[in-house]
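These protein sequence lines map, in sequence, to chains A and B. Read left to right, the first sequence gives residues 0 to 423 (numbering that gives the first Met the number 0). Read left to right, the second sequence gives residues 0 to 295 (numbering that gives the first Met the number 0). Even glycine gets a Cβ: it sits at the ideal position worked out from N, Cα and C. Computed from a prediction, not measured in an experiment: that's the story for all the values here.
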Amino acid sequence: MNRRVLSLSAICAVGALALTACGSNGGGGGKSADGSVTLKLVAADYGDKATNASKLYWDEVAKGFEAANPKIKVDVQVINWNDIDTQVKTMIQSGNVPDVLQTGGYADKVADDLLYKASDVLSPATQSNFIDSFSKAGQVDGTQYGIPFVSSARAFFYNKTIFSKAGIAAPPTTWDEVKADAQIIKSKKLAATPYALPLGPEEAQGESMIWELGNNGGYTDDSGKYTINSQANIDTFSWLKTNLVDPGLTYANPATTDRKTAFADFAAGKVGMLNGHPSLIQMAKDGKVDYGVAPIPGKTGPLTSTLGVADWMMAFKKNGHQEQIKKFLDFAFSKENTLKFDEEYNLMPVTKDTLQEMTSSGKHKDLEPFFSLLPGAKFYPLGDTTWDAVSAEIKKSGGTAVKDDPAQVLGALQKKAEDAVANK
Amino acid sequence: MTHKSRSGLARLGPLPWIGPAVLLILVVVVWPVYEMVRTSFLKISTSGFVRGSAGTDKYQKLFDEPDFGHVLTWTVIWTLTVVGLTILISLGLAQLFNQQFPGRRVTRWALIAPWAASVLMTSIGFKWMLNQTAGVLNTAMTDLGLIDKPEDWLGDPSTAWPWMIFVAVFVSLPFTTYTLLAGLQTVPGEVYEAAKVDGTSTWQTYLRITLPLLRPALLVGVVINLINVFNSFPVIWGMTQGGPASDTATTTVFMYQLLNTDMGESAALSVVNFALVVVMVLFFLKVSRWNQEEGR
Chain A
0 MNRRVLSLSA ICAVGALALT ACGSNGGGGG KSADGSVTLK LVAADYGDKA
50 TNASKLYWDE VAKGFEAANP KIKVDVQVIN WNDIDTQVKT MIQSGNVPDV
100 LQTGGYADKV ADDLLYKASD VLSPATQSNF IDSFSKAGQV DGTQYGIPFV
150 SSARAFFYNK TIFSKAGIAA PPTTWDEVKA DAQIIKSKKL AATPYALPLG
200 PEEAQGESMI WELGNNGGYT DDSGKYTINS QANIDTFSWL KTNLVDPGLT
250 YANPATTDRK TAFADFAAGK VGMLNGHPSL IQMAKDGKVD YGVAPIPGKT
300 GPLTSTLGVA DWMMAFKKNG HQEQIKKFLD FAFSKENTLK FDEEYNLMPV
350 TKDTLQEMTS SGKHKDLEPF FSLLPGAKFY PLGDTTWDAV SAEIKKSGGT
400 AVKDDPAQVL GALQKKAEDA VANK
Chain B
0 MTHKSRSGLA RLGPLPWIGP AVLLILVVVV WPVYEMVRTS FLKISTSGFV
50 RGSAGTDKYQ KLFDEPDFGH VLTWTVIWTL TVVGLTILIS LGLAQLFNQQ
100 FPGRRVTRWA LIAPWAASVL MTSIGFKWML NQTAGVLNTA MTDLGLIDKP
150 EDWLGDPSTA WPWMIFVAVF VSLPFTTYTL LAGLQTVPGE VYEAAKVDGT
200 STWQTYLRIT LPLLRPALLV GVVINLINVF NSFPVIWGMT QGGPASDTAT
250 TTVFMYQLLN TDMGESAALS VVNFALVVVM VLFFLKVSRW NQEEGR
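Here it is, written out as structure tokens:
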């Protein structure tokens, strides 16, 4: 008996250890005998089913590019969002880096001098085609490294059916109106969650920043120093705590409620209002929810500039394929390709010609409230090389600021941010 | 004496037979442990780039984490509560399944179900059953009048802990019950007959005869469960991911949370966890040897 149990637990231990060792995978580009070069492209998967997987898109792009450039092969690897960060970390740690990477952030790679400057791998025509606010968000200390790929902006969504039943004529423009409207919806029992406040680990940093912007706060000051526990931010969370969370006008535990839950609830007609981005449009339509889009309410009036989010492309120096990468990126950022990608996933463009095309083609009426937000969008401190670490801390514990003492929670985050800066 | 005259080459004779096993152990056990310890002394940037040695900084940082204290406390409470409850309930269940009753075979099979199902699957199943808006358990409890309105059980640590302990006990019961049941079946019937002749009460028989004879099985159950529950990742990760913040994290889950912010610090916690498991394994080996000696 004992021996069998022993050997069983030994097998389990061996299995568990073997699993941890499976992280790395082979590959790595190089020059072959005939002088042709293989570029390794790693990209995130924006699809949600086999028929719209991003692998299909990138394979198509690679095929077109290889036809035009017979000496360059492109090796495409598409990884889902849950795993891409860890897998890229493992690639970098094991020295097996891609040539081109498309993912959510770039600045932490600049800190270790791993990336080409954008001007080294983009032709002047391609580089000047990016919308200025995005090019600027790709800069670290005034030099652009991050190449914007797709974007999205936040706006306020409300359920028109619930609002008309509640007798509310217009969407709220201030925090007090949000509270008043939520109280009406709650008292008439029109929605399980009058206002959806998702501060769970999925994207606490997004919802937090939107509310902080409403009180002229934010994560950094003009000089780029972290101000996570500024008075404006503490006041913002105190307001949320006493006016939305404590009276039960939102989820009971926002710190563990993820954005995808909030979106799903809105699409199921269980939420009166929330901050959303363009992907909510399709979900609401599928759920037959009659929705409206409005500017995000701030403390005293609607936000003039909203939160913009971008995903990034970057080129690694390690394999020395600068010329080939330049050719590939110029090809990948042609209007034809970017338009196809943006339309496939209902994402917002980052290039001027594609924005022009999407605004004027008349095919994207749904996105119109968002197009105008893009040029003035505010971003996370993306160019700060410590942002990824700070953002991870905010995701983990930022949401507890509406349950515990806001000053204490934000103070602890500020301390972690300052430590990260000190150990840069 | 003939052994001494063997040539060096002949002494390598057994190598082809044990070689693969030794190689396997080196590659899948020793090497990862070495890497883990090495990583805990490295400074690794958030992008995964190794910036050189960190000395013992990462251990220092780990012990200075504001959450570390309560994570450790919870790990101890979690392990002791889950193992304690599991053993108590299993003792009763094993006694029950040791009786003759119609349908015993079927109920014994049914007990295997929580064991056969993947723990992660069970945890995610419970997470959805407890979901505030769509969970079947919330609906059932509201309909039965046990609660006024659906609750967000897993969102608040004070209600999340009891539910996670419940699920952890639920998945630990089958193994423990079967271990104890096997133990019960080794108790010879004559001992009970002798006790009956001496006129002991049922309770006395249980305390004086059954429990002492059950000790080998009980010890195996306790120690294997201690290691298992201490390492239990899927129950907690599947239900709360250790959140809000690290309020429902044990050291194993906390290690995973740290991976997002500092790989070296996470590796330092792995080393601490590994040391604790080694201590438990040594304890187990000691206990099982003691068992065998007692058995003779």
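C-beta neighbour in chain B for residue i, strict 8 Å
i                     : result
residue 250 (chain A) : yes
residue 113 (chain A) : yes
residue 35 (chain A)  : no
residue 399 (chain A) : yes
residue 92 (chain A)  : yes
residue 333 (chain A) : no
residue 244 (chain A) : no
residue 102 (chain A) : no
residue 89 (chain A)  : yes
residue 396 (chain A) : yes
residue 10 (chain A)  : Confidence is the limiting factor: at residue 10 (chain A) the pLDDT is only 44, short of 50, which leaves the residue's position unreliable, though a coordinate-based value still follows. No, because no Cβ of chain B sits closer than 8 Å to the Cβ of residue 10 (chain A).
residue 26 (chain A)  : A caution first: residue 26 (chain A) carries a pLDDT of 39, below 50, which makes its placement in the model unreliable, though a value can still be read off. So, not an interface residue.
residue 20 (chain A)  : The pLDDT assigned to residue 20 (chain A) is 38, lower than 50, so where the model puts this residue is not dependable, and the model offers no usable value.
residue 404 (chain A) : no
residue 234 (chain A) : no
residue 219 (chain A) : no
residue 392 (chain A) : yes
residue 341 (chain A) : no
residue 193 (chain A) : no
residue 142 (chain A) : no
residue 374 (chain A) : no
Alpha helix (DSSP H) segment containing residue i, residue limits
i                     : result
residue 147 (chain A) : Note, residue 147 (chain A): premise wrong, no alpha helix (DSSP H); beta strand (DSSP E) at 146-152.
residue 149 (chain B) : Note, residue 149 (chain B): premise wrong, no alpha helix (DSSP H); not H, not E.
residue 15 (chain B)  : 14-24
residue 35 (chain B)  : 30-38
residue 64 (chain B)  : Neither: residue 64 (chain B) is in no alpha helix (DSSP H) and is coded neither H nor E.
residue 255 (chain B) : 250-257
residue 340 (chain A) : 334-344
residue 364 (chain A) : Element bounds for residue 364 (chain A): n/a, residue is neither H nor E.
residue 220 (chain B) : 210-229
residue 405 (chain A) : 405-421
residue 56 (chain A)  : 53-67
residue 121 (chain A) : From DSSP, residue 121 (chain A) is part of no alpha helix (DSSP H); its letter is neither H nor E.
residue 278 (chain A) : 278-285
CB contact check: residue i to chain A, cutoff 8 Å
i                     : result
residue 141 (chain B) : no
residue 251 (chain B) : no
residue 1 (chain B)   : Bear in mind that a pLDDT of 46 at residue 1 (chain B), under 50, signals an unreliable position, so the model cannot answer this.
residue 295 (chain B) : Caution applies to residue 295 (chain B), whose pLDDT of 48 falls short of 50 and renders its modelled position unreliable; the value that the coordinates give is listed next. With 8 Å as the cut-off, residue 295 (chain B) does not count as an interface residue toward chain A.
residue 62 (chain B)  : no
residue 153 (chain B) : yes
residue 164 (chain B) : no
residue 299 (chain B) : Any answer about residue 299 (chain B) is impossible in this case: the structure gives chain B only from 0 up to 295.
residue 18 (chain B)  : no
residue 240 (chain B) : yes
residue 234 (chain B) : no
Bridge-paired residues (DSSP) for residue i
i                     : result
residue 313 (chain A) : A:100
residue 44 (chain A)  : A:79
residue 114 (chain A) : A:315
residue 38 (chain A)  : A:73
residue 43 (chain B)  : B:49
residue 158 (chain A) : A:290
residue 377 (chain A) : A:306
residue 350 (chain A) : A:129
residue 143 (chain A) : A:138
residue 102 (chain B) : None, per the DSSP bridge assignment.
residue 144 (chain B) : None, per the DSSP bridge assignment.
residue 299 (chain A) : For residue 299 (chain A), which the question treats as bridged, DSSP gives no partner whatsoever.
Extent of the continuous beta strand (DSSP E) run through residue i
i                     : result
residue 166 (chain A) : Run containing residue 166 (chain A): none; DSSP gives neither H nor E here.
residue 273 (chain A) : 270-275
Give, in chain order, every unbroken run of the alpha helix (DSSP H) that is at least 4 residues long and sits entirely within the region 183-208 of chain B. 188-197 and 201-204
Uninterrupted alpha helix (DSSP H) stretches inside the region 180-260 of chain A (no shorter than 4 residues): 203-212 and 230-239
Cβ contact check for the region 73-90 of chain B and the region 156-166 of chain B: 3 or more pairs under 8 Å: yes
Just checking, does the region 168-186 of chain A make contact with the region 384-391 of chain A on the three C-beta pairs under 8 Å criterion? no
Answer yes if the region 340-348 of chain A comes into contact with the region 32-51 of chain A, meaning at least three C-beta pairs across the two stretches below 8 Å, and no otherwise. yes
Would you say the region 207-216 of chain B touches the region 230-238 of chain B, given that touching needs at least three Cβ pairs under 8 Å? no
Touch test, the region 322-341 of chain A against the region 32-46 of chain A, Cβ-Cβ under 8 Å, three pairs minimum: yes
Any contact of the region 93-101 of chain A with the region 314-321 of chain A, i.e. 3+ C-beta pairs under 8 Å? yes
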